[in-house]
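Heads up, the thing below is written out as structure tokens.
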Amino acid sequence: MEWSKEAEVRIKKAPFFVKNMARKKAEEVAKSRGKTRVDIEDIEIAKGSGELEDLSTMDLAIDGLKNTNFRDMALCGGIRECPLTLFNDEEVARIFDKVIKEEDLEKVIKGAIDEPILYHKKFKAAISGCPNSCSHPQIKDISIVGYSSPKINDGYCIGCYQCVKSCPEKLVTVDKNPRIDIKECIDCGRCIRSCPTESIRELEKGYRIYIGGRLGRRPHLAKKVVDVKSIQELEYVLRKLIVLYKQCIIQRKRFSKTVEESTIEEIQRKIGIH
Ligand code: SF4
Ligand code: SF4
Ligand code: SF4
4 MEWSKEAEVR
14 IKKAPFFVKN
24 MARKKAEEVA
34 KSRGKTRVDI
44 EDIEIAKGSG
54 ELEDLSTMDL
64 AIDGLKNTNF
74 RDMALCGGIR
84 ECPLTLFNDE
94 EVARIFDKVI
104 KEEDLEKVIK
114 GAIDEPILYH
124 KKFKAAISGC
134 PNSCSHPQIK
144 DISIVGYSSP
154 KINDGYCIGC
164 YQCVKSCPEK
174 LVTVDKNPRI
184 DIKECIDCGR
194 CIRSCPTESI
204 RELEKGYRIY
214 IGGRLGRRPH
224 LAKKVVDVKS
234 IQELEYVLRK
244 LIVLYKQCII
254 QRKRFSKTVE
264 ESTIEEIQRK
274 IGIH
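Everything in the sequence shown is counted per this note's numbering, starting at 4 for the first residue and increasing by one.
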């Protein structure tokens with residue numbers, strides 16, 4: 004059976020002892036869906052089925068870090084594989100892991116759930132190096148996505164059109180000076196990197212934090228909670244969010260449901276950043 008490029012990248016991150024089993028399961032899922040090609044969604048379904056618990060370890064492939072029965076952290080290709088990444092995803096993963104451990108999240112989950120922790124009850128997180136969002140931050144409890152916003156600097160353009168070619172959203176035009184449809188811009192930073200004269204510069208770069216995504220019977224897409232520019236701010240906000248997540252678990256409320264029912268301002272107030 005054929006595999007999409009993205010699915011191949013993902014399956015390569017599975018630990019060697021589950022790789023073959025994971026591959027077989029994903030192909031079975033694709034086949035049962037009437038497909039001849041495995042894509043990332045088939046892998047997610049295979050993981051979500053609960054039949055292959057070890058598949059949950061396939062996404063976090065950094066020395067010294069691993070997923071467990073209570074958490075599932077997904078990384079994109081990041082600095083190991085992708086030139087588009089806007090931050091060091093391994094550094095971010097280590098900080099996230101440190102906060103989870105220091106906040107005793109595993110203990111809280113284990114203490115509150117007195118039955119086997121199935122996939123939908125695990126803590127789910129994603130780290131994506133850019134807004135392409137290959138690790139699916141939109142459907143996780145807490146996610147971090149790299150962003151880089153452009154700013155026009157009139158008077159330096161040499162009309163090479165590299166920026167126009169580089170924008171995946173076709174938002175850049177050039178007429179003496181570049182122009183960007185900023186409302187539609189996803190802050191991927193590609194036009195900035197393509198410009199040889201700094202006619203398009205970086206206004207801001209950092210970590211965009213999303214919360215409250217889930218799949219299942221009633222899916223909900225994660226909401227952006229805040230942009231932070233330094234790794235220290237990132238750690239601060241992650242800790243506050245993990246504390247909020249623990250409160251939800253203790254009160255037997257689903258974190259994503261709490262986020263769904265709140266405005267972002269309410270969430271920001273709850274975690275003390277508004
Ligand atoms: S999310 Fe961006 S940086 Fe990460 S693998 Fe995808 S394209 Fe590359
Ligand atoms: S940042 Fe990305 S989406 Fe925005 S204009 Fe530049 S290339 Fe296009
Ligand atoms: S890449 Fe820079 S110099 Fe080239 S056309 Fe775009 S803005 Fe002008």
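The C-beta atom is built at its ideal place from N, Cα and C for all residues, glycine as well.
#1: Could you check which residue in K208, S146, Q141 and P86 has the C-alpha nearest to that of R242?
#2: Should H139 go down as buried or exposed, given a rule of 16 or more other Cβ atoms within 10 Å for buried?
#3: Pick helix, strand or coil for M76, following the three-state DSSP scheme.
#4: Beta carbon of L174, beta carbon of I183: below 8 Å?
#5: When you compare each of K15, L68, I276 and E105 to D3 by their alpha carbons, which one comes out closest?
#6: Our contact map puts I283 next to V228 with C-beta atoms below 8 Å; I'd like the distance itself, whole angstroms only.
#7: What do you get for L87, buried or exposed, if any count of 16 or more other CB atoms within 10 angstroms of its CB means buried?
#8: Quick check on A225: does DSSP put it in helix, strand or coil?
#9: Using DSSP with H/G/I as helix, E/B as strand and the rest coil, what is P2?
#10: Got a sec? Which residues, its chain only, sit under 7 Å from T266 by beta carbon, not counting five neighbours each side?
#11: Using a Cβ-based criterion (distance less than 7 Å to any ligand heavy atom), does S152 qualify as near ligand 1?
#12: Quick one: what's C191 bridged to in DSSP?
#13: Residues in its own chain within less than 8 Å of R4 by CB, not counting five upstream and five downstream?
#14: To the nearest angstrom, how far is the alpha carbon of S233 from that of Y210?
#15: Please classify A235 as buried or exposed, where buried requires at least 16 other C-beta atoms within 10 Å of its C-beta.
#16: What is the rounded straight-line gap between the Cα of K28 and the Cα of I185?
#17: Decide if the segment 203-222 is in contact with the segment 149-164; the criterion is three or more beta carbon pairs, one per stretch, under 8 Å apart.
Looking at the atomic coordinates:
#1: Within the sequence shown, the letter at position 239 stands for residue 242. When each option's Cα is compared against that of R242, the closest is S146.
#2: Residue 139 sits at position 136 when you count from the first residue of the sequence shown. Buried, since its Cβ has 16 or more Cβ neighbours within 10 Å.
#3: Position 73 of the sequence shown, counting from 1, holds the residue named residue 76. Reduced to three states, the DSSP call for M76 is strand.
#4: Stepping through the sequence shown from its first residue, residue 174 is reached at position 171. Stepping through the sequence shown from its first residue, residue 183 is reached at position 180. Yes, the Cβ-Cβ distance between L174 and I183 is below 8 Å.
#5: An answer regarding residue 3 cannot be provided, because it is not within the stretch 4 to 277 covered by the chain.
#6: In the structure as shown, the chain starts at 4 and stops at 277, and residue 283 therefore has no counterpart that could be examined.
#7: By one-based count along the sequence shown, residue 87 stands at place 84. Classification of L87: buried, given that the 10 Å Cβ count is 16 or more.
#8: Sequence index remark: in the sequence shown, residue 225 carries index 222 (1-based). A225: coil per DSSP, three-state reduction.
#9: In the structure as shown, the chain starts at 4 and stops at 277, and residue 2 therefore has no counterpart that could be examined.
#10: Here residue 266 refers to the residue found at position 263 of the sequence shown. Answer for T266: no residue qualifies.
#11: As a first step, residue 152 must be located in the sequence shown, where it is residue number 149. Not so, every heavy atom of ligand 1 lies at least 7 Å from the Cβ.
#12: Position 188 of the sequence shown, counting from 1, holds the residue named residue 191. S151.
#13: Along the sequence shown, one-based indexing puts residue 4 at 1. A quick correction: the sequence has Met, not Arg, at residue 4. These residues qualify, in order along the chain: E30, A33, K34, T39, R40 and V41.
#14: Reading the sequence shown from its first residue, position 230 is the one you call residue 233. Reading the sequence shown from its first residue, position 207 is the one you call residue 210. Near 8 Å, if we compare the C-alpha coordinates of Y210 and S233.
#15: Here the question's residue 235 lines up with position 232 in the sequence shown. Residue identity check: residue 235 is Gln in the sequence provided, not Ala. That one is exposed.
#16: Translated into positions along the sequence shown, residue 28 becomes position 25. Translated into positions along the sequence shown, residue 185 becomes position 182. When rounded, the distance between both Cα atoms is 43 Å.
#17: yes
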